[in-house]
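Trainee: Structure in structure tokens, see below.
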Amino acid sequence: MTVAHVGERLLTPGEVATLFRVDPKTVTRWATAGRIGSIRTPGGHRRFRESEVKTLLAELTTEASEQTA
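Sequential numbering from 1 applies to the sequence shown in the UniProt record's numbering.
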């Protein structure tokens, strides 16, 4: 488990799912597969670093636009 940077916003699976337009279970599967990093809360819930999520979203958006061009 890693420690989040001080002040960095952590997103829930539901918030990440909304950004990617997928189901929250898909986000959990991505985390299990190592596609996206996650942090576990003391209660066992997953949280995702906003900066990492936005980076992945930008990469995927760029890849999608390159494929359609």
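Positions of the beta carbon are idealized from the N, C-alpha and C atoms, including for glycine.
For the putative contact between S38 and E8, defined by C-beta atoms under 8 Å, what is the C-beta separation to the nearest angstrom?
Mentor: S38 to E8, Cβ: 13 Å. No contact.
Trainee: With R29 as the anchor, note down where its beta strand (DSSP E) starts and where it stops.
Mentor: Per DSSP, R29 belongs to no beta strand (DSSP E); it is in the alpha helix (DSSP H), 24-33.
Trainee: Would you report the Cα separation of T41 and T32, rounded to the nearest angstrom?
Mentor: Distance between the alpha carbons of T41 and T32: 15 Å.
Trainee: Roughly how many angstroms separate the alpha carbons of V27 and Q67, rounded to a whole number?
Mentor: If I take the Cα positions, the gap works out to 23 Å.
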